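So the sequence lines, in the order shown, correspond to chains Y and G.
With the UniProt record's numbering applied, the first sequence corresponds to residues 1 to 296, in that order.
With the UniProt record's numbering applied, the second sequence corresponds to residues 1 to 240, in that order.
Below is one structure, written out as structure tokens; the observations come after it.
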Amino acid sequence: MQTMRETFLSTVGAELDADPRLAVVLADISAAQLEDAAVRHPDRVINVGIREQLLIGVTGGLALSGLRPVAHTFPSFLVERPYEQVKLDLTHQGVGAVLVSSGASYDMSTEGRTHQSPADVALLDTVPGWTVHVPGHPEEARRLLLDALPGNGTVYLRLSAAVNAEPHHGTGFQVIRRGGAGVVLAVGPMLDRVLAATAGLDVTVLYAATVRPFDAAGLRAAVGSGPADVVLVEPYLAGTSAHLVTEALSTTPHRLRSLGVRRDSEVRMYGEMSDHDRAHGLDEASLAASVRAFLP
Amino acid sequence: MTTTGYLIPGTPAPPSPGFADLPGLMALLTGDEKHTAAATSTLDVLWVLYDRVLNVTPETAEDPGRDRFLLSKGHGPMAYYAVLAAKGFLDPGELTGWTSARSRLGTHPDGTLVPGAEIGSGSLGHGLPLGVGTALGLRAQRLTTSRVVVLLGDAELDEGSNHEAIALAGRAALDRLTAVVIDNDSATHGWPGGIERRFAVEGWETRTVDGRDHEALYRAFTAPNTARPLAVVATVEPKG
Chain Y
1 MQTMRETFLS TVGAELDADP RLAVVLADIS AAQLEDAAVR HPDRVINVGI
51 REQLLIGVTG GLALSGLRPV AHTFPSFLVE RPYEQVKLDL THQGVGAVLV
101 SSGASYDMST EGRTHQSPAD VALLDTVPGW TVHVPGHPEE ARRLLLDALP
151 GNGTVYLRLS AAVNAEPHHG TGFQVIRRGG AGVVLAVGPM LDRVLAATAG
201 LDVTVLYAAT VRPFDAAGLR AAVGSGPADV VLVEPYLAGT SAHLVTEALS
251 TTPHRLRSLG VRRDSEVRMY GEMSDHDRAH GLDEASLAAS VRAFLP
Chain G
1 MTTTGYLIPG TPAPPSPGFA DLPGLMALLT GDEKHTAAAT STLDVLWVLY
51 DRVLNVTPET AEDPGRDRFL LSKGHGPMAY YAVLAAKGFL DPGELTGWTS
101 ARSRLGTHPD GTLVPGAEIG SGSLGHGLPL GVGTALGLRA QRLTTSRVVV
151 LLGDAELDEG SNHEAIALAG RAALDRLTAV VIDNDSATHG WPGGIERRFA
201 VEGWETRTVD GRDHEALYRA FTAPNTARPL AVVATVEPKG
């Protein structure tokens, strides 16, 4: 199976042939993989070099000229480093773009803090109007990309090496399992481990590959009239979507437990992704313990 | 000048405003007919561009093939608003209420609000990268007659994002891109050897002219350039 990143690169390469409005902007990352597409479309595959402010500035300018730009690099260099460019060169100018990151919170598990980006979704939450996709499977990533390319909006597609075994297509929060003792919302690659961690528990498991806009109606439908116990499991900063859960359930008595990448300290370790999962309490055993401890 | 002529239907069109009318338009913004050099550092460049260089009018402001002017140095936009009003993009009557809650005109321009403004600016160092992207986008769409002109200040060049853009524009040979740098000697640490060198070393064609000399500015903007981007350094009085 292709990784999400490989799927993205092959799909966007083919779409460049089909859609003359499409342009891809790179900052060296993945430039080698798109070399053939750059030969076919030298004016629409633009590698700006290791210049990430310019990556987003050029993306905004391409959109102002009438093209549909896709910008791609690691999330720390796509959202965090050029945050003001995202805010001003895209949203403030009133233009759209598709930002596609690959690397997630700690895919590059041996490369340290400089290549980890657990704050990307939280940062985009400070800028209005962004659609945020966190696919859990390469085929989901491919479909979400193909949906985003023809539009005009600002879309963030967060690709990861962490995947679920099967894709789950559909809009809004999908009900994967029904139960009566609580609702667990699993975002993107968190689903399979949430299902395993909650096996034997009488809980509803919701799945979200799209977290912005936040499917408040879907959450309310799963919760019912309450009182409700809700667990949020996100593959980036813990509690990133907590304010939206609270807003969605503002008239429903509820308790909320937010699980995700820890905020209280910087985890200075290397090792495998699974080591980082454990450090953040996002492995199956830790999730099972957290959910059981929280539910009444 | 009389500005009410724009507002009365059926009256003959008044003569098109000239450079001499700009102080009156700026006075609508500030209530002051006498402006400091700092407040008008961009005035002559803006006038020459909109009067004689840029192929854009209120009627063609949305045409894909228009020339684009990107005001990167967004602070002190009075001269910009005055020129937009003189050229019919803005109703001069709109100048009087600027910065009020009901006005579309603020102390930094918002590109989605100001008629004729291609971008919103204020935070320094965003216009040239946006201009490079616009020039690349126009080239990809074969809209090769369109010019992209970006106005910066010499202190704005401090921002590193400009230097990312200068390097790429030179290497991409964006011959339809012009950067005009208003040099009023306000960069804190200065540019030893001159501003031109920062562009020339990256492959730009460069011209330094008197930023108050309309003929010299016109020639700098319109003399044929080779297949390279063009940097025009317009020198004005040092900021007081």
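Cβ atoms here follow ideal geometry from the backbone N, Cα and C, with glycine treated the same way.
Keep in mind that this is a model prediction, so the values were computed, not measured.
Item checked: Cross-strand partners of tyrosine 207 of chain Y (DSSP beta bridge) -> Here the question's residue 207 of chain Y lines up with position 207 in the first sequence. Y:Gln174, Y:Ala186.
Item checked: Three-state class that DSSP yields for alanine 248 of chain Y in the structure shown -> Here residue 248 of chain Y refers to the residue found at position 248 when the first sequence is read from its first residue. Residue state, collapsed to three classes: helix.
Notebook entry, point to check: When DSSP builds the beta bridges, which residues end up paired with valine 232 of chain G?
Noted result: Counted from its first residue, the second sequence places residue 232 of chain G at position 232. In the DSSP output, where bridge partners are listed per residue, valine 232 of chain G has G:Val180, G:Arg207.
Next item on the list: Give me the Cβ distance between alanine 141 of chain Y and leucine 159 of chain Y, rounded to the nearest whole Å; I'm assuming they're in contact under 8 angstroms.
Entry: Translated into positions along the first sequence, residue 141 of chain Y becomes position 141. Translated into positions along the first sequence, residue 159 of chain Y becomes position 159. Rounded, the Cβ-Cβ distance is 6 angstroms, consistent with contact.
Checklist line | As assigned by DSSP and simplified to three states, the class of residue 376 of chain Y | finding: What the structure shows of chain Y is the stretch from 1 to 296, and residue 376 of chain Y is not part of that stretch, so it cannot be assessed.
Checklist line | Cβ pair aspartate 202 of chain Y, alanine 181 of chain Y closer than 7 angstroms | finding: Translated into positions along the first sequence, residue 202 of chain Y becomes position 202. Translated into positions along the first sequence, residue 181 of chain Y becomes position 181. Cβ atoms of aspartate 202 of chain Y and alanine 181 of chain Y: closer than 7 angstroms.
Notebook entry, point to check: Given that valine 58 of chain Y touches chain G, what residues does it touch there, using C-beta distances under 7 angstroms?
Noted result: Taking the first residue of the first sequence as position 1, residue 58 of chain Y is located at position 58. Chain G residues near valine 58 of chain Y: Pro129, Val132, Gly133, Leu136.
Check: Which residues of chain Y have a Cβ atom closer than 9 angstroms to the Cβ of serine 72 of chain G, listed in chain order?
Finding: The residue labelled residue 72 of chain G in the question sits at position 72 within the second sequence. Listed along chain Y, no residue sits closer than 9 angstroms to serine 72 of chain G by beta-carbon distance, the nearest being about 11 angstroms off.
Notebook entry, point to check: Within the chosen definition, does the stretch 237-245 of chain Y reach the stretch 202-221 of chain Y through at least 3 CB pairs nearer than 8 angstroms?
Noted result: yes
Next item on the list: Return no unless some Cβ of chain Y is closer than 7 angstroms to the Cβ of leucine 168 of chain G.
Entry: On the second sequence, residue 168 of chain G is found 168 positions in, with the first residue counted as 1. At a cut-off of 7 angstroms between C-beta atoms, leucine 168 of chain G counts as an interface residue with respect to chain Y.
Notebook entry, point to check: Per DSSP, which one or two residues make a beta bridge with tyrosine 156 of chain Y?
Noted result: In the first sequence, residue 156 of chain Y corresponds to position 156, counting from 1. For tyrosine 156 of chain Y, which the question treats as bridged, DSSP gives the partners Y:Leu99, Y:Val132.
Note to self: To the nearest angstrom, how far is the alpha carbon of threonine 126 of chain Y from that of glutamate 215 of chain G?
What the structure shows: As a first step, residue 126 of chain Y is located in the first sequence; it is residue number 126 there, counting from the start. As a first step, residue 215 of chain G is located in the second sequence; it is residue number 215 there, counting from the start. Threonine 126 of chain Y and glutamate 215 of chain G: Cα-Cα distance of roughly 47 angstroms.
Margin query: Excluding the 5 residues flanking threonine 188 of chain G on each side, which residues of the same chain have their C-beta closer than 8 angstroms to its C-beta?
Written below: Residue numbering aside, residue 188 of chain G sits at position 188 when the second sequence is read from its first letter. In chain order, Ala155, Asp158 place their CB closer than 8 angstroms to the CB of threonine 188 of chain G, counting only its own chain and leaving out the 5 sequence neighbours on each side.
Checklist line | Check whether valine 98 of chain Y and valine 155 of chain Y have beta carbons under 7 angstroms apart | finding: By one-based count along the first sequence, residue 98 of chain Y stands at place 98. By one-based count along the first sequence, residue 155 of chain Y stands at place 155. Yes. Within cutoff.
Item checked: Amino acids of chain Y, ordered along the chain, whose beta-carbon sits closer than 8 angstroms to that of glutamate 62 of chain G -> Against the second sequence, residue 62 of chain G aligns to sequence position 62. Chain Y residues near glutamate 62 of chain G: none, gap ~11 angstroms exceeds 8 angstroms.
Note to self: Does any residue of chain G have a CB that is nearer than 7 angstroms to the CB of serine 65 of chain Y?
What the structure shows: For the purposes of this step, residue 65 of chain Y is taken as residue 65 along the first sequence, with counting starting at 1. Yes, contact with chain G.
Note to self: Just checking: is the beta-carbon of glycine 5 of chain G within a distance shorter than 7 angstroms of some beta-carbon in chain Y?
What the structure shows: The count along the second sequence starts at 1 and reaches residue 5 of chain G at position 5. Here glycine 5 of chain G scores only 42 on pLDDT, less than 50, and its place in the model is too uncertain to base an answer on.
Margin query: DSSP three-state label for threonine 73 of chain Y, please.
Written below: Within the first sequence, the letter at position 73 stands for residue 73 of chain Y. Residue state, collapsed to three classes: strand.
Checklist line | Candidates Y:Ala288, Y:His133, Y:Val132, Y:His280, of which the one nearest tyrosine 106 of chain Y by Cα | finding: If you number the first sequence from 1, residue 106 of chain Y lands on position 106. Checked all of Y:Ala288, Y:His133, Y:Val132, Y:His280; the closest Cα to tyrosine 106 of chain Y is Y:His280.
Notebook entry, point to check: Given leucine 144 of chain Y, which residues of its chain have a CB within under 8 angstroms of its CB, disregarding the five upstream and five downstream residues?
Noted result: Indexing the first sequence from 1 puts residue 144 of chain Y at position 144. Closer than 8 angstroms at the Cβ level, and outside the excluded window around leucine 144 of chain Y, lie His133, Pro135, Leu157, Ala209, Thr210.
Next item on the list: Reducing DSSP to helix, strand and coil, say where arginine 68 of chain Y ends up.
Entry: Against the first sequence, residue 68 of chain Y aligns to sequence position 68. Of the three classes helix, strand and coil, the one that applies to arginine 68 of chain Y here is strand, per DSSP.
Note to self: Is there a C-beta anywhere in chain Y that falls below 7 angstroms from the one on methionine 1 of chain G?
What the structure shows: Locating residue 1 of chain G in the second sequence gives position 1, where the first residue counts as 1. Because the pLDDT of methionine 1 of chain G is 41, which lies under 50, any placement of that residue in the model is unreliable, and the number read from its coordinates should be weighed accordingly. No - not a single Cβ of chain Y is within 7 angstroms of the one on methionine 1 of chain G.
Note to self: Between G:Pro129, G:Thr206, G:Val149, which has its C-alpha nearest leucine 54 of chain Y's C-alpha?
What the structure shows: Position 54 of the first sequence, counted from the start, is the residue given in the question as residue 54 of chain Y. Taking only the C-alpha atoms, the option nearest leucine 54 of chain Y is G:Pro129.
Checklist line | Top-ranked residue by Cα proximity to valine 53 of chain G, from G:His163, G:Thr40, G:Arg176 | finding: Working through the second sequence from its first residue, we reach residue 53 of chain G at position 53. With distances taken between Cα atoms, valine 53 of chain G lies closest to G:Arg176.
Check: Can you list, in chain order, the residues of the stretch 86-116 of chain G whose Cβ is nearer than 7 angstroms to any Cβ on chain Y?
Finding: Closer than 7 angstroms at the C-beta level to chain Y, one finds these residues of the stretch 86-116 of chain G: Gly111, Thr112.
Notebook entry, point to check: So, is the C-beta of glycine 13 of chain Y closer than 7 angstroms to a C-beta in chain G?
Noted result: Here residue 13 of chain Y refers to the residue found at position 13 of the first sequence. Closer than 7 angstroms: no.
Notebook entry, point to check: With a cut-off of 7 angstroms, does the C-beta of alanine 165 of chain G fall near any C-beta of chain Y?
Noted result: Reading the second sequence from its first residue, position 165 is the one you call residue 165 of chain G. Yes, contact with chain Y.
Notebook entry, point to check: When the distance is taken between beta carbons, is valine 183 of chain Y closer than 7 angstroms to valine 223 of chain Y?
Noted result: Position 223 of the first sequence, counting from 1, holds the residue named residue 223 of chain Y. Position 183 of the first sequence, counting from 1, holds the residue named residue 183 of chain Y. For valine 223 of chain Y and valine 183 of chain Y, yes; Cβs fall inside 7 angstroms.
Next item on the list: Report yes or no: is there a C-beta of chain Y within less than 7 angstroms of the C-beta of alanine 140 of chain G?
Entry: Residue numbering aside, residue 140 of chain G sits at position 140 when the second sequence is read from its first letter. True, the Cβ-Cβ gap to chain Y drops below 7 angstroms.
Check: Checking contacts by CB at 7 angstroms: is histidine 126 of chain G closer than that to chain Y?
Finding: Within the second sequence, the letter at position 126 stands for residue 126 of chain G. Any Cβ of chain Y closer than 7 angstroms to the Cβ of histidine 126 of chain G would place that residue at the interface, and such an atom is present.
Notebook entry, point to check: Assuming valine 181 of chain G and alanine 231 of chain G make a contact with CB atoms under 8 angstroms, what is their CB distance in whole Å?
Noted result: On the second sequence, position 181 is the one that residue 181 of chain G refers to. On the second sequence, position 231 is the one that residue 231 of chain G refers to. 7 angstroms between Cβ atoms; contact.
Notebook entry, point to check: Does any heavy atom of the ligand SAM sit closer than 6 angstroms to the C-beta of proline 224 of chain G?
Noted result: Ligands displayed in this structure: none; no statement on the ligand SAM is therefore possible.
Notebook entry, point to check: Which chain G residues are close to aspartate 43 of chain Y, counting only those with a beta carbon under 8 angstroms from its beta carbon?
Noted result: On the first sequence, residue 43 of chain Y is found 43 positions in, with the first residue counted as 1. Identification of chain G residues near aspartate 43 of chain Y by a Cβ-Cβ cut-off of 8 angstroms yields Leu136, Arg139, Ala140, ordered along the chain.
Checklist line | CB contact flag (proline 118 of chain Y, tyrosine 270 of chain Y, <7 angstroms) | finding: Counted from its first residue, the first sequence places residue 118 of chain Y at position 118. Counted from its first residue, the first sequence places residue 270 of chain Y at position 270. Cβ distance not < 7 angstroms, so proline 118 of chain Y and tyrosine 270 of chain Y don't count as in contact.
Margin query: I want to verify the contact list: residues of chain Y whose CB lies under 8 angstroms from the CB of residue 329 of chain G, in sequence order.
Written below: Since the displayed chain G opens at 1 and closes at 240, residue 329 of chain G lies outside it and no answer follows.
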